[in-house]
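Novice:
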Amino acid sequence: MSKWIKEVPPKSAMSHIMLEKAEVSTSKREYEVHHEQMNKKKYLQRVS
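Note that this note's numbering has the sequence shown beginning at 1, numbered continuously upward.
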């Protein structure tokens, strides 16, 4: 445990966590947009 603390200072560990959270929210949004586009395509195929 002490080895890990030496390798990763608390400040960079915090920024790493923030980056991970940002990545998660970004990928979630991308997934939602992708899902919306797929639904539109299916809807358009059904209508036409």
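All residues carry an ideal CB built from backbone N, CA and C; glycine is no exception. Predicted model, so just to flag it, every value in this text is computed and none were measured.
Going straight from the alpha carbon of V24 to that of E36, what length do you get?
Specialist: For the purposes of this step, residue 24 is taken as residue 24 along the sequence shown, with counting starting at 1. For the purposes of this step, residue 36 is taken as residue 36 along the sequence shown, with counting starting at 1. Approximately 18 Å, taken between the alpha carbons.
Novice: Between E33 and S12, what straight-line distance do the alpha-carbon atoms span, to the nearest angstrom?
Specialist: As a working note, residue 33 is residue 33 in the sequence shown. As a working note, residue 12 is residue 12 in the sequence shown. Reading off the sequence, residue 33 comes out as Val, not Glu. Distance between the alpha carbons of V33 and S12: 31 Å.
Novice: Determine the direct distance from the alpha carbon of S27 to that of E20, and round the result to whole angstroms.
Specialist: On the sequence shown, residue 20 is found 20 positions in, with the first residue counted as 1. On the sequence shown, residue 27 is found 27 positions in, with the first residue counted as 1. Going by the C-alpha atoms only, they are around 11 Å apart.
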